[in-house]
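Q: Take a look at this one; I'll ask things after.
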Amino acid sequence: MPTILVLGGSAVVPSLLLLWYVYARDRNPEPRGLLLKTFLLGAAICVPVVPVAIWLESLGQQWETGVWSTALVRAFLGAAIPEELFKYLVLRWYVWNKPAFDEPLDGVVYGATASLGFATLENILYVGDGGLGVAVLRALTAVPQHGFTGVVMGAFLGRARFAQDEAQRFGLLAAGLGWAILLHGAYDAFLMTGTGFAFLALPALLTSVGWGHGLYKGLQREQILLGTSLVTRRFRVEEPLQLEEPARMAVGGVGPTTVSAEPGIAHVPLANRPPREPQRTFFSWLKLGLGGIGLSACGLAWLFVAAILLGEPVGGEVAVPVAIICAIPTTLFLLLFRSGLRGPFEAEPA
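Here my numbering runs 945 ahead of the position in the sequence shown, where the first position is 1.
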């Protein structure tokens, strides 16, 4: 029982931290109930994925003639294709028509959520066989790989959700699924060679993380611009607005006051350039990293303590001090991680 608690927690904590990070960066947060259901559906698809993966891999056994061909068959037919296909089905059949899916960035949030749900249950299964060492290794590799392939797929699905043309929508959906399969399969294939080429899995992982992060940032910038354009609607008036001389001169007006050519909309001076997304400083990233690592360690510590307390009959004189000792660093790392989410950010250039 104690071992199960520790290993189970080590498999779950990394996914939850990454999911928290994605959720906290959404300016228009999604309904928590919908996110929870998407997460659970992502975990549930592990059940049908297994027989489908076994069947597909059996079809490719005829091509397993060498190290690379075997690795490619097992990576793509036995893992990437069935896993990414079922994640795609969660997004396309469940999330797609939800009213809360109301902007392209939501595709990233739901894609990451479904993928991390899958990664969580898969992690539990792997850790049960491999132990704590496997848990730590997968927390740094497989969990981010699942999460960011979900981000890539979700970014394309988010675009497709609001595409006006059916051909464009189909192309975006196919691209999202295809790129997720390719990124996942390449990462697994390098590992499954069992040779010195396995180190290439790290560049494959970094490619997924870097591209996913770039797509996420791009959609965030669009979200900010969309919010700005919606704010300008508040300046809509019944009649064209005539600016008084002092107001006109205050905004640099020269000569006759100019009003909008479109009836009912006044020209209200805005910034000469659109607002850019706040950029995190090194200190902000440092707080996020240290807070995340610290919370992972504290989560394992709590599970280890719980395992001891459940496995051994101890009195309150032991349980209370132990709980206090664990609570103090947990609180500090939680505050540090939360502070990292809030900044600091680089100053907006003048």
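No residue lacks a Cβ here, since even glycine has one placed at the ideal position from N, Cα and C.
Could you please give the first and the last residue of the uninterrupted alpha helix (DSSP H) stretch that includes Val997?
A: 991-1004
Q: With distances taken from CA atoms, which of Arg970, Pro974, Leu985 is nearest Val957?
A: Leu985
Q: Can you give me the C-alpha to C-alpha distance between Tyr968 and Gly1056, rounded to a whole angstrom?
A: Spanning the alpha carbons of Tyr968 and Gly1056 requires a straight line of approximately 12 Å.
Q: Assuming Ala1059 and Gly1095 make a contact with CB atoms under 8 Å, what is their CB distance in whole Å?
A: 6 Å
Q: Which whole-angstrom value describes the C-beta separation of Thr983 and Tyr1033, a residue pair presumed to lie in contact below a C-beta threshold of 8 Å?
A: About 13 Å separates the two Cβ atoms, so there is no contact after all.
Q: I need the straight-line Cα distance from Pro1089 to Trp1008, nearest angstrom please.
A: 30 Å
Q: Identify, in the order they occur along the chain, each residue of the same chain with its Cβ nearer than 6 Å to the Cβ of Leu1066, setting aside the five sequence neighbours on each side.
A: Ala988, Cys991
Q: Below 9 Å between beta carbons: does that hold for Ala1125 and Pro959?
A: no
Q: Between which two residues does the alpha helix (DSSP H) containing Arg1106 stretch?
A: It spans 1087-1106 - the alpha helix (DSSP H) in which Arg1106 sits, taken as one unbroken run.
Q: Taking Cβ positions, are Gly1005 and Val994 nearer each other than 9 Å?
A: no
Q: Alpha carbon to alpha carbon, how far is Leu962 from Leu1281? Give it in angstroms, no decimals.
A: Their backbone Cα atoms lie some 13 Å apart in a straight line.
Q: Out of Ile1273, Ala1024, Phe1278, Ala1272, which one is the CA nearest neighbour of Leu1231?
A: Phe1278
Q: Taking the alpha carbon of Leu970 as the point to measure from, which residue in Arg1166, Leu1171, Gly1236, Thr1276 has its own alpha carbon closest?
A: For the record, residue 970 in the displayed sequence is Arg; it is not Leu. Ranking the options by Cα distance to Arg970, first place goes to Arg1166.
Q: Could you compute how far the alpha carbon of Leu1171 sits from the alpha carbon of Leu1122?
A: 27 Å
Q: Pick helix, strand or coil for Thr1138, following the three-state DSSP scheme.
A: DSSP places Thr1138 in coil when its eight states are reduced to three.
Q: Whole angstroms are fine: how far does the CA of Ala1108 sit from the CA of Ala1080?
A: 40 Å
Q: Which same chain residues end up closer than 7 Å to Leu1235 when comparing Cβ atoms and leaving out the 5 residues on each side of it in sequence?
A: Setting aside the 5 residues that flank it on each side, Leu1235 is surrounded in the same chain by Leu1281, each with a C-beta closer than 7 Å to its C-beta; the list follows chain order.
Q: Which complete alpha helix (DSSP H) runs does the region 1000-1034 hold, if anything under 4 residues is left out?
A: 1012-1017, 1026-1034
Q: By how many angstroms is the C-alpha of Gly1237 removed from the C-alpha of Gln1168?
A: 26 Å
Q: Give me the Cα-Cα distance between Glu1002 and Leu1022, rounded to the nearest whole angstrom.
A: 5 Å
Q: Can you give me the Cβ contacts of Gly1052 inside the same chain, cut-off strictly under 7 Å, excluding the 5 residues immediately before and after it?
A: Gly1099, Ala1100, Leu1102, Gly1103, Arg1106
Q: By how many angstroms is the C-alpha of Ala1045 removed from the C-alpha of Gly978?
A: 11 Å
Q: Does DSSP classify Thr1226 as helix, strand or coil?
A: coil
Q: Can you tell me the Cα-Cα spacing of Ala1025 and Ala1119, whole angstroms?
A: 15 Å
Q: DSSP three-state call for Arg1051: helix, strand or coil?
A: In the sequence as presented, Arg is not what sits at residue 1051; that position holds Asp. Asp1051 falls in the helix class under three-state DSSP.
Q: Nearest CA to the CA of Ser1153: which residue from Leu1128, Leu1082, Gly1141, Gly1163?
A: Leu1128
Q: Under a three-way DSSP split, which group does Lys982 fall into?
A: helix
Q: Please look up how many angstroms separate the CB atoms of Tyr1132 and Ala1143, rounded, as I've assumed it's under 8 Å.
A: That pair is no contact at about 10 Å.
Q: Do Tyr966 and Leu1050 have their beta-carbon atoms positioned less than 9 Å apart in this structure?
A: No, these two residues do not count as a Cβ contact at 9 Å.
Q: Helix, strand or coil: how does DSSP classify Phe1063 here?
A: Under the three-state reduction of DSSP output, Phe1063 falls in the helix class.
Q: Excluding five sequence neighbours on each side, which residues of the same chain lie with their C-beta closer than 8 Å to the C-beta of Pro1027?
A: Val994, Val997, Ala998, Leu1001
Q: Contact check, Ala1016 vs Ala1134 under 8 Å by CB: the rounded distance?
A: Ala1016 to Ala1134, Cβ: 5 Å. Contact.
Q: For Asp1110, count neighbouring C-beta atoms within 10 Å of its own C-beta (all shown protein chains included) and say buried if the count is 16 or more, exposed if not.
A: exposed
Q: Pull up the distance between the alpha-carbon of Phe1180 and that of Asp1047, whole angstroms please.
A: Summary for Phe1180: the model assigns pLDDT 38, below 50, so the residue's position carries little reliability; its value from the coordinates is reported in the next sentence. Near 24 Å, if we compare the C-alpha coordinates of Asp1047 and Phe1180.
Q: Work out the CA separation of Thr1138 and Leu981 for me, nearest whole Å.
A: 36 Å
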